[in-house]
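Data block below; observations after.
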Amino acid sequence: MAEGVMDVECVNASSKDAIGEVRSLSPSGVDVAIIACRDASATHDAMRMVGKNGRVCLFSGAPPEHMPLCIDTNELHYTQKQLIGAYGCTSVQNQRAVELMASGKVDVGWLITHRISLDDVEEGIELAENRESMKVVVEY
């Protein structure tokens with residue numbers, strides 16, 4: 005593989021045996037697993053997917069009712085795995101993301117779960133507060 009090029013595979017983490025699928029692709033474990041969902045069990049799965057010296061990146065927090073999260077510290081220690089958090093992005097990255105969405109190069113329409121009128125904005129706020137929506141669009 006060329007220098008600086010990563011081999012990337014996507015595995016549906018909700019499959020029955022996601023850990024087995026990952027381990028079949030990379031028997032010694034992957035280098036990096038990025039968790040971008042609110043399911044706390046994903047952290048445990050990711051720790052089993054990464055190999056020695058692997059990194060598990062928490063890009064999304066879990067709901068408060070799933071805290072605290074129990075991690076096998078011996079596994080971290082003896083396999084030299086890293087558990088790191090990542091949050092946020094720069095204004096340049098935000099600008100680029102908006103450009104990609106506006107150009108249509110990145111389809112984000114599937115993220116919109118509800119469309120409401122301005123008169124129903126309180127309903128939209130409730131949907132967001134109760135985590136019953138992904139994105140709510142207020143149309144006028």
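Under the numbering used here, the first residue of the sequence shown carries the number 5, and numbering increases by one thereafter. We put the beta carbon where it would ideally sit given N, CA and C, even for glycine.
Handout entry: Coarse secondary structure for Thr77, derived from DSSP in three states
Key = Position 73 of the sequence shown, counted from the start, is the residue given in the question as residue 77. Of the three classes helix, strand and coil, the one that applies to Thr77 here is helix, per DSSP.
Exercise for the section: Specify the secondary structure class of Gly65 as computed by DSSP and reduced to three states. Expected result: Residue 65 sits at position 61 when you count from the first residue of the sequence shown. Note: Gly65 maps to coil in three-state DSSP.
Problem - Rounded C-alpha distance that separates Leu115 from Ser28 - result: Along the sequence shown, read from residue 1 onward, the residue named residue 115 stands at position 111. Along the sequence shown, read from residue 1 onward, the residue named residue 28 stands at position 24. Those two C-alpha atoms are separated by around 31 Å.
Handout entry: DSSP bridge partner residues for Leu87 (one or two, in chain order)
Key = For the purposes of this step, residue 87 is identified with residue 83 of the sequence shown, where counting begins at 1. Looking at the DSSP assignment, Leu87 forms a beta bridge with Val60.
Exercise for the section: Assess, as a yes-or-no matter, whether the region 46-55 is touched by the region 67-87 under the definition of 3 or more beta carbon pairs within less than 8 Å. Expected result: yes
Problem - Length of the line joining the Cα atoms of Ile75 and Gly58 - result: In the sequence shown, the residue the question calls residue 75 occupies position 71. In the sequence shown, the residue the question calls residue 58 occupies position 54. Answer to the nearest angstrom: the Cα atoms are 15 Å apart.
Problem - Status (buried if at least 16 other CB within 10 Å, exposed otherwise) for Thr77 - result: Reading the sequence shown from its first residue, position 73 is the one you call residue 77. By the 10 Å Cβ count, Thr77 comes out exposed.
Handout entry: Counted within 10 angstroms of its Cβ, other Cβ atoms place Gly128 as buried (16 or more) or exposed
Key = In the sequence shown, counting from the first residue as 1, residue 128 sits at position 124. When all chains shown are included, Gly128 counts as buried.
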